[in-house]
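**Q** Residue numbers (this note's numbering), protein chains in the order written: chain G, 348 to 581; chain V, 30 to 424.
Using N, Cα and C, we set each Cβ at its ideal position, and we do this for glycine too.
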Amino acid sequence: MQESSTHEVLMQLDGVSRCYGSGEATVWALRDVSLSIRSGDFVSIVGPSGSGKSTMLGLLGCLDVPTSGTITVGGVEVTRLADGPRTLVRGRSIGFVFQQFHLIPHLDALGNVETALLYRDLRPAERRERAMASLERVGLAHRGDHRPVQLSGGEQQRVALARALVTEPKILLADEPTGALDTKNAANVMEILGGLQSEERAVVIVTHDTGIANSAARKVSMLDGRIVSDEVLR
Amino acid sequence: MNVFRDLVRVAMTGLLARKIRTLLLLLGPMIGVAAIIAAVGLTDSAKGDLKAKVAELGTNLIEASASSSFGGQNPTLPEDVVERALTVTTVESVAPIVELSNIIVTPYEEAREKYETVPIPVVAVTPELPDVLEVPLVGGRWINDFDEQAGARSAVIGVGLAREFGVLPEELRTIDIGGHDYTVVGVLDSVQLEPGFDTAVFIPFSRAESDFLDDDILPNKIYARVDPNRVDESADALTTAISLGGPDEVKTDVKSEALELAAQSDRQLQLIVVSMGLLAIIVGGLGIANVMSISVIQRSAEIGIRRALGHTRRIIAVQFLLEAIVVGVIGGVFGVLLGMLSIFIGASIAGWVFVMAPWLAPAGILLAITISVMAGLYPARRAARLEPLETLRLG
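1. With 16 as the cutoff for other CB atoms within 10 Å, does Pro125 of chain V come out buried or exposed?
2. What does the Cβ neighbour count give for Asn131 of chain V, buried or exposed, with the cut at 16 atoms within 10 Å?
3. Would DSSP call His489 of chain G helix, strand or coil?
4. Under a three-way DSSP split, which group does Asp218 of chain V fall into?
5. Give the residues of chain G in contact with Arg342 of chain V, contact being defined as C-beta atoms less than 8 Å apart.
6. Buried or exposed: which applies to Val575 of chain G, given that a residue is buried once 16 or more other Cβ atoms fall within 10 Å of its Cβ?
7. According to the neighbour-count rule (16 or more other Cβ atoms, all chains shown, within 10 Å of its Cβ), is Lys517 of chain G buried or exposed?
8. So if I threshold CB-CB distances at 8 Å, which residues from the segment 402-430 of chain G count as touching chain V?
9. I believe Met321 of chain V touches Pro408 of chain V by the beta-carbon criterion, under 8 Å. Please report the beta-carbon distance rounded to the nearest angstrom.
10. Taking Glu289 of chain V as the query, report the chain G residues whose CB atoms sit under 8 Å from its CB, ordered along the chain.
11. Over what stretch of residues does the beta strand (DSSP E) that includes Arg378 of chain G continue unbroken?
12. What did DSSP end up calling Gln349 of chain G once you bin it into helix, strand or coil?
13. Kindly indicate which residue of V:Leu158, V:Glu352 and V:Gly61 has the alpha-carbon position closest to the one of Ala309 of chain V.
14. If the cut-off is 8 Å on Cβ atoms, which residues from the segment 316-345 of chain V count as contacting chain G, listed in chain order?
15. According to DSSP, is Ile398 of chain V helix, strand or coil?
16. Buried or exposed: where does Thr146 of chain V fall if 16 or more other Cβ atoms within 10 Å of its Cβ makes it buried?
17. Residue range of the beta strand (DSSP E) that Gln327 of chain V falls in?
18. Cβ closer than 7 Å: which chain G residues qualify as neighbours of Ala64 of chain V?
19. Residues of the segment 34-54 of chain V in Cβ contact with chain G at a cutoff of 9 Å, in chain order, please.
20. If the cut is a Cβ gap below 9 Å, which residues of chain G does Leu421 of chain V touch?
21. Let me make sure I understand the geometry here. Which of G:Gln497, G:Ser545, G:Leu406 and G:Gln504 has the alpha-carbon closest to that of Asn535 of chain G?
22. Exposed or buried, what is Thr530 of chain G when buried is set at 16 or more other beta-carbons lying within 10 Å of its beta-carbon?
23. Just verifying my parser: in three-state terms, what is the DSSP assignment at Asp245 of chain V?
24. Using a beta-carbon distance below 9 Å, is Ala463 of chain G in contact with chain V?
25. I need the boundaries of the alpha helix (DSSP H) containing Leu338 of chain V, first residue and last residue.
26. Determine, for Tyr466 of chain G, whether the minimum Cβ-Cβ distance to residues of chain V falls below 9 Å.
27. Taking only beta-carbon positions, decide if Glu416 of chain V is within less than 9 Å of chain G.
28. Given that Cys469 of chain G touches chain V, what residues does it touch there, using C-beta distances under 7 Å?
29. For His453 of chain G, would you say it is in contact with chain V, using Cβ-to-Cβ distances shorter than 9 Å as the test?
30. Within the same chain, show all residues whose beta-carbon is closer than 7 Å to that of Arg467 of chain G, passing over the 5 residues directly before and after it, in chain order.
31. For a test of the three-state rule: what should DSSP assign to Leu129 of chain V, helix, strand or coil?
32. Measuring only the C-alpha atoms, how far is Pro471 of chain G from Arg414 of chain V?
33. Rounded C-beta distance between Arg26 of chain V and Val325 of chain V? I'm assuming under 8 Å.
34. Step through the CB atoms of chain V and report whether any lies within less than 9 Å of the CB of Thr353 of chain G.
35. Compare the C-alpha of Leu36 of chain V against each of V:Val347, V:Asn173 and V:Ala95 and name the closest.
36. Which class does Ala179 of chain V belong to by DSSP, given the choice of helix, strand or coil?
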């Protein structure tokens, strides 16, 4: 981790715990977790089901707030923010890729990518241009007018990638990005993902698949709501 | 501005993506607005010709007639009735008449029997009458000052009589009035406010006096045009001014009142149909709330992903509300058009005049928007409250 120490901390978790329910039925999904994500990181968070990685994903994505502890994104303590400002931080800092792609079915590929740029006071032409550039980046510029149903699984996930990238997020958060893909498409998506971390950006993959996890540069292993190891692989 | 454009664009895309659903949403406000507009418009149109007639004829013609308080025969107005009437400042013009009785008019000898049974009314007039009644002549000329001064046996007939006699325009012919030959010099057009004039014969005051009366001729009725804004007080003032010191009583009558009463729309019928329209639009609103609530559930994944992409709860709520507003606007506009079409078709079939109050169109659209917004509030709130983590099924 000596290399990454020269990079800016993009996200910091300090003593983060998250429980669901109350009283006798309280379930601790995450216990006292601390983690730093730095620019340039290509990190996988791996663990079996029930290890707390989904809860981790919600917190890293600012979709959820911890029961205790603090989360800082780009110097802003999001745990102190109300839903509205937290949503704006999320939109500015984080790009999402989901296992089930979650493209909006009635919009074409370009429209799906453009959705990430809505309500940002952009001129339609500029928004379109940026969305097109993002599609080009994943090699799907020629599929801009195709609806999700007209695209293969691999293509859909690449559109989702383009949507996540179009806002130039500091952190790209991928949840089982290859879970719904065949081996060939999975390799293709992983290749793109691996090439996306840069001096400014971190790529975080949440997965239960150790093969996928080991293709990252850094692997964080979880078990029973705790981080059990944090190793640099390359 | 760009943000607003985005909101509108997304709303339109959302509505266009589900055309059948959108069409069904539109039907509620559309039918409701159309029903209300058709109800008001058709009930107005049913009396449209009468309304137009009232507007055309004016509401400021007053008739003042003599009526005997003792049930005496042939009550009369004072000799100086015209001067008296003109002392009322709101009176603009006056014309006196005498309705003569027991005179047989015979256009040709063969028909004498018929016209003895059903006599044609004979009215002595002055040159001012057509101007006061604001009725033109169909042909020829009216009784003029020369007729009056010379006591000429000139007569003008109503347009109804002209048709009966087969008088052609500009044709001079004589008719027998009470045994004297009169020359028909003109035909008076139909007098809407005094339908009896259509089948009457008009002769000069001076000739009437010498041919048919023993005494001096005294008018029994006057017509007065008054200030249109002060009709009722003019009627009162006329009564006082004319009857002052005279033997007979005076009765005034605003000629257009009966017509105005007849031109009133059927308020009860209107209320019933408007209520039904309101009911339709409320049911339509419930339909919108229902369909949009289901739509929120169906689109929960989309809402989740939008929230993850950084769209705030407020944006999501406004977005759904805007869809409802667009439905209201389009439903309202089409409802107004459909309503107008209904009035047009209904009025055409029934032979009415197309009448639609100008406030109906904006009011209809506004009503549709209001209902749609109210219907959209609940689904919009629900959409905004969805938690992205729950809808995205992560892990």
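**A** Let me spell this out:
1. buried
2. exposed
3. helix
4. Three-state result, Asp218 of chain V: coil.
5. Ordered by position in chain G, the residues that pass the 8 Å Cβ test against Arg342 of chain V are Asp430, Gly431 and Thr434.
6. exposed
7. buried
8. Leu404, Gly405, Gly408, Leu410, Asp411 and Asp430
9. 4 Å
10. In chain order: nothing, as chain G lies at least about 58 Å away.
11. Val374 to Arg385
12. At Gln349 of chain G, the pLDDT of 44 sits below 50, so the modelled position is not reliable; the number obtained from the coordinates is stated separately. Of the three classes helix, strand and coil, the one that applies to Gln349 of chain G here is coil, per DSSP.
13. Considering only alpha carbons, the answer is V:Gly61.
14. Ala330, Glu331, Gly333, Ile334, Arg335, Arg336, Ala337, Leu338, Gly339, His340, Thr341, Arg342, Arg343 and Ile344
15. helix
16. exposed
17. Looking at the DSSP string, Gln327 of chain V is not in any beta strand (DSSP E); the run it does join, the alpha helix (DSSP H), is Arg296 to Gln327.
18. Counting only Cβ-Cβ distances below 7 Å, Ala64 of chain V has no contacts in chain G at all, with the closest Cβ about 33 Å away.
19. Within the segment 34-54 of chain V, the qualifying residues are Arg34, Asp35, Leu36, Arg38, Val39, Thr42, Gly43, Leu45, Ala46 and Arg47.
20. Leu410, Phe443, Phe445, Gln447, His449 and Asp522
21. G:Gln504
22. The residue in question, Thr530 of chain G, is exposed, as its Cβ has fewer than 16 Cβ neighbours within 10 Å.
23. coil
24. yes
25. Looking at the DSSP string, Leu338 of chain V is not in any alpha helix (DSSP H), and its letter there is neither H nor E.
26. yes
27. Taking CB atoms only, Glu416 of chain V has a neighbour in chain G less than 9 Å away.
28. Checking the displayed sequence, the identity of residue 469 of chain G turns out to be Leu instead of Cys. Within 7 Å Cβ-Cβ: Asn31.
29. yes
30. none
31. strand
32. 28 Å
33. Since the first residue of chain V shown is 30 and the last is 424, residue 26 of chain V is not available in this structure.
34. no
35. V:Val347
36. helix
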